[in-house]
Each structure stands twice: as structure tokens, then as C-alpha cells.
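**Q**
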Amino acid sequence: MVENMDALISLCKRRGFVFPGSEIYGGLANAWDYGPLGVELENNIKQLWWKRFVQGRDDVVGVDSALIMNPKVWEASGHIATFNDPLVEDKKTHERFRLDHLLEEHGVAVSGMTFEQMSSKVQELGLKSPAGNELTEPKQFNMMFRTHLGPVEDRDNVVYLRPETAQGQFVDFKIIQEQMRLRLPFGIAQIGKAFRNEITPGNFIFRTREFEQMEIEYFVHPNDWQKWFDFWLDLQKQWCKDVGLPESATKFVEIAESDRAHYSKRSVDTEFVFPFGQKELYGLAYRTDHDLSSHAKLSGKDMSYRDPITNEVFVPHCIEPTWGVNRTVLAVLCSAYEEVDARSGDDGAVHEKEVVLRLPKSLAPIKVAVLPLSKKEPLATKAREIATSLKKNWMCQYDETGSIGKRYRRQDEVGTPYCLTVDFDSLEDQKVTVRDRDTMGQERIGIADLTPYFAGLLGY
Ligand code: GAP
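Under my numbering, think of the first position of the sequence shown as 177, with each following residue one higher.
This is the structure:
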């Protein structure tokens, strides 16, 4: 587990996981780009999720809805009226801060406090900005990004970048239920970008203004909501284990009514102990019929469901498990990061500590590194042929530069579970050496057997 965020951020930048976006122009307020290894890690997380919760289940289907939706969607969902954060501004520097964060930094337990209570606390404490200046009166700030559709920028053309993917599932509920002839309980899943104009983004990729969500809206009979809430909580707990998050760092927290989102009657957050504190990783909410009923009311369209057996007609209730992709990347990296005593040894340099990313194999960006012992022919060609063949099934990297120790070290640092070495004996016995990242064990495997061998270890 990483203790120091700077060490992780530096590794991420150096090795092509995540680095500041638009950096040649000095970056842009907490925008991050995912490099060649970061995008593999992200994709592996998304694929694992989709396989598990959509492909692997009979009761969940997928959707990919438009990112810019009719603004009435946000009126019905309540986001225009209530998706606010409390904000104060430094009167001199005009820097803006989230009031709840500022109060927390001054030791105030804001959990359960209303906006009015937080505002009067500012007066009571005579709170100043971090630079020591006067603050403006607190005000509510809507976090949705606004833009205009088409060339005319007037009030009639205002649209919003979606702050959650979930509304796509709600507005498409009826058409998907009919198209796929779905019976309750069933879920609609979506992976996609969401945008929030966060007042204080930060902590690397933890809180950003552009991020990605994996959300399931699971529709149930109102009488059954508790059963399905517990069911999805168990699946979220299992997911955390399977992506390698230590149980000691994963907490499941019941959210008090005053702290719940406007649509939720019950929420349990999955929180993770990051180096900067215990923070929300995932959410689980009982959204009742809030969204379907609000859309039915504003659109005038029927959102009810007829039970084919009992003929009961009702608006389904919704259990929503939600996962942030970027926070998963961060929690997975924090959990996998380990500094070990030097173990590669033979690269000529003296290292006291080496980094090993103990990523679950299914998430590792590179599954197999193919390393010829020497650049000389015919070793290099042989190794390239092996890499080309393995690439049909797995992400492989061919690397011939530097000593073998240095190359092992490079792969350990990015979490590659297997290194495959082609040596001079390989030309004679048609075998290669496979080294395991975690056990450091080495095995001689026939070149002709490599595909079934790795299929056994990695799956397809
Ligand atoms: N549809 C419900 C919903 O959006 P949320 O708790 O506001 O609920 C769900 O967001 C998840 O999205 C969070 O648990 C977190 O993983 C991720 N998330 C939310 N805001 C984020 C931000 N500013 N940056 C990165 N991830 C964020």
C-alpha cells in the first residue's frame, strides 16, 4: 500500500499511467491524461466490470446514451434545483472554496449540517480564507457545466453536460424494457463520462471535473427494495476484493439522511483509506421511484410496468450501485504499490528499494514481457516471433534494451505479472524461461506450449 502520494504520482507520470493534461500549456486545472499504460488499466477495469455485471448476468443489459440530453431531464431529476455545493470566495484573491471542506479543515464536523447552519458557523468562527482574507457570504453553486446547443448563445439553447450517466438509463427505461421484453427485477448498465464543475478538485485523479462512471440502475418491485439493496452491497464488497483492495482499507458507511443525495432514501458508501484520508470510492443508493415518476410527470409519458403474472401496474423502484472508474484506478494503484528491497541486482546500478506494482493479473496493463537475453540474432527474431504470437491474445511488450535485471525492474514497476526470457538454450531446446512477478519463481516452458500455458494463468 502506498504511503506517499508523491511517489505514486511520480511513478504514474514516469511510466505512462497518468500525467497532467495540456501540460505543454501549463496544464488545465486538474485535468489528467491517461497514457499508454493508464488507458490499458482503465480499459481492463471497465472490461472486468462489464463482463461481470452485464455479460455475466441474465438480468442486466447495457446502454450508451447521449452525453448531452434534453435539459428537461435535469429539471425532472432535480439536478437543476438541488445539485449544489456551498461556496465561499476570498474577497481579495477571488479564489473559491467549498464551505464544507473549509469548515472540516477547521475541525467542524459538517456531517448532517444544513446550508444555513454551515453559513452561521462561518460567522461564529470568524472564518477567513486560507490566505487569511475576508470571505464572501456563502452561496449555493450549481455544479452542472452549462453550454449552448447550436450557434446562438441564448437562454433557450442552454444544455448541460451530464453530471451522472444514470439519467440515460431512466429516460430509456421503457423503450429498453419493451425492446428486450425484460421482467423485474432487471438492471440497465452504462459506462461513460460525467462532468461536474467541482469548486475544489484535487488529490490527483480523486476529484476531477471530468470523470467516468460505471452505473447500474436496477429496477425492482417496491416491496423488494431492501433485499436487492443488500444483494448489490454484497456484490460491491466482492468487487473491492477482486480488484485487490485490502479489506482493512475498505469501509462501508451508512449515510445519514441529511447527507444523502436529494433522490436517495438509503445510501451506503464504499470508502477507501487513501493516503490523504478515508474518502468515498463508490455509492449505493435506493432512489425509490423518484426518477421514473419525475420523468413520467414532466414528459407525460408512461413509465409504469405491468407484472405479467399478477397484472399489477406500478412504477418500479430503483437500486443504484455506482462505481467511479478513475477512483478505482487510484485505489487499485494505491493498493498494488509496494516498495521492496532490491531484487533485480544485475543491472549494474545500486538500488536500495524497488517498486513492484502487485496488480491483479486481470488488471495489469501488460500481461507478458518478452525479453531476449541478447539483441543478437537469431535470439531477437525468435523473441519477436513469440511476442507477435502472444499478442493475439494478450497485451505483450517486447523489450531488448538494457541488462536483464533492469528490464525485470521496469516490468515489476508497472505490474507485469510474467516476464519471458529467450536465451541461447532456447534455440536448442525450443523452451523459454517464464518468471513470476510475485513469487520470483522461474519455469522452463516449451515455445509451442506458451499459449495454453498463459491461457491457464491469465485466461483470454
Ligand atoms: N448516479 C449517482 C451518482 O452520480 P455520486 O456519488 O455523485 O452518485 C458516483 O457519484 C461515483 O462517481 C462516486 O462514488 C465516485 O466514484 C465518482 N465521482 C463522483 N464525483 C467525482 C469526481 N468529481 N471525480 C471523480 N470521480 C467522481
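For glycine and all other residues, C-beta sits at the position ideal for the given N, C-alpha and C. Owing to the predicted nature of the structure, the values given are computational and were not obtained by experimental measurement.
Using only the alpha-carbon positions, how far apart do Val608 and Thr577 sit?
**A** Here residue 608 corresponds to residue number 432 of the sequence shown, with the count starting at 1. Here residue 577 corresponds to residue number 401 of the sequence shown, with the count starting at 1. About 18 Å.
**Q** Can you give the beta carbon distance from Gly288 to Ser475, rounded, assuming they're within the 8 Å contact cut?
**A** The residue labelled residue 288 in the question sits at position 112 within the sequence shown. The residue labelled residue 475 in the question sits at position 299 within the sequence shown. Not a contact, Cβ separation roughly 35 Å.
**Q** For Arg383, does the three-state DSSP call read helix, strand or coil?
**A** Here residue 383 refers to the residue found at position 207 when the sequence shown is read from its first residue. Correct three-state label for Arg383: strand.
**Q** Measuring CB to CB, does Gln470 end up less than 9 Å from Gly254?
**A** Along the sequence shown, one-based indexing puts residue 470 at 294. Along the sequence shown, one-based indexing puts residue 254 at 78. Correcting the residue type first, residue 470 is Ser in the shown sequence and not Gln. For Ser470 and Gly254, yes; Cβs fall inside 9 Å.
**Q** What first and last residue would you give for the alpha helix (DSSP H) that runs through Ile580?
**A** The residue labelled residue 580 in the question sits at position 404 within the sequence shown. Taken as a continuous stretch (DSSP letters only), the alpha helix (DSSP H) holding Ile580 covers 580-589.
**Q** So Val544 and Cys572 are supposed to be a Cβ contact under 8 Å. How far apart are they, rounded?
**A** For the purposes of this step, residue 544 is taken as residue 368 along the sequence shown, with counting starting at 1. For the purposes of this step, residue 572 is taken as residue 396 along the sequence shown, with counting starting at 1. Between Cys572 and Val544 the Cβ distance is about 5 Å, and since that is below 8 Å, they are a contact.
**Q** In whole angstroms, what separates the C-alpha of Met177 from that of Ala472?
**A** Within the sequence shown, numbered from 1, the residue matching residue 177 stands at position 1. Within the sequence shown, numbered from 1, the residue matching residue 472 stands at position 296. Taking the straight line from one Cα to the other gives about 47 Å.
**Q** Count the other C-beta atoms from every protein chain shown that fall within 10 angstroms of the C-beta of Pro492, then say buried if there are 16 or more, exposed otherwise.
**A** The residue labelled residue 492 in the question sits at position 316 within the sequence shown. The residue is buried, with at least 16 neighbouring Cβ atoms inside 10 Å.
**Q** Could you give the first and the last residue of the continuous alpha helix (DSSP H) run that contains Lys413?
**A** One-based indexing of the sequence shown puts residue 413 at position 237. Lys413 -> alpha helix (DSSP H) spans 401-418.
**Q** Look at the Cβ atom of Pro536, then the Cβ atom of Ala512, and state whether they are nearer than 9 Å.
**A** As a first step, residue 536 is located in the sequence shown; it is residue number 360 there, counting from the start. As a first step, residue 512 is located in the sequence shown; it is residue number 336 there, counting from the start. Cβ distance < 9 Å, so Pro536 and Ala512 count as in contact.
**Q** From Ala285 to Val449, what distance separates their C-alpha atoms?
**A** In the sequence shown, counting from the first residue as 1, residue 285 sits at position 109. In the sequence shown, counting from the first residue as 1, residue 449 sits at position 273. Looking at the two C-alpha atoms, the distance is approximately 19 Å.
**Q** From Asn399, Ile244, Arg442, Glu447, pick the residue whose C-alpha is nearest to that of Val334; which is it?
**A** Start at 1 with the first residue of the sequence shown, and residue 334 comes out as number 158. Checked all of Asn399, Ile244, Arg442, Glu447; the closest Cα to Val334 is Ile244.
**Q** Using 8 Å as the threshold, is the region 218-232 in touch with the region 337-346, meaning 3 or more CB pairs across them?
**A** In short, these stretches do not touch, since the Cβ pair count stays below three.
**Q** DSSP beta-bridge partners for Thr323?
**A** As a first step, residue 323 must be located in the sequence shown, where it is residue number 147. DSSP lists Val335 as partners of Thr323.
**Q** Does the beta-carbon of Thr464, which I'm using as the reference point, lie nearer than 8 Å to any heavy atom of the ligand GAP?
**A** Translated into positions along the sequence shown, residue 464 becomes position 288. Checking every heavy atom of the ligand GAP against the Cβ of Thr464, none is found closer than 8 Å.
**Q** So for Pro398, helix, strand or coil by DSSP?
**A** Working through the sequence shown from its first residue, we reach residue 398 at position 222. Helix at Pro398.
**Q** Based on the DSSP secondary-structure assignment, which residues constitute the bridge partners of Ser443?
**A** Against the sequence shown, residue 443 aligns to sequence position 267. According to DSSP, Ser443 bridges with Ala461.
**Q** Tell me, please, whether the region 250-265 touches the region 303-315 by the rule of three or more beta-carbon pairs shorter than 8 Å.
**A** In short, these stretches touch, since the Cβ pair count reaches three.
**Q** Tell me whether Asn502 sits in a helix, a strand or coil according to DSSP, three-state version.
**A** Taking the first residue of the sequence shown as position 1, residue 502 is located at position 326. Here Asn502 sits in helix by DSSP.
**Q** Take every Cβ of the region 301-310, pair it with every Cβ of the region 437-457, and state whether three or more of those distances are shorter than 8 Å.
**A** Contact fails: fewer than three Cβ-Cβ distances are below 8 Å.
**Q** Do you know how far the Cα of Asp614 is from the Cα of Phe600?
**A** Your numbering for residue 600 matches position 424 in the sequence shown. Your numbering for residue 614 matches position 438 in the sequence shown. Cα to Cα, the separation comes out at about 26 Å.
**Q** Give a single yes or no on whether Thr498 has its beta carbon closer than 8 Å to a heavy atom of the ligand GAP.
**A** For the purposes of this step, residue 498 is taken as the residue at position 322 of the sequence shown. For the ligand GAP, at least one heavy atom lies less than 8 Å from the Cβ of Thr498.
**Q** How is Asp348 classed by DSSP in three states: helix, strand or coil?
**A** For the purposes of this step, residue 348 is taken as residue 172 along the sequence shown, with counting starting at 1. Coil, per DSSP.
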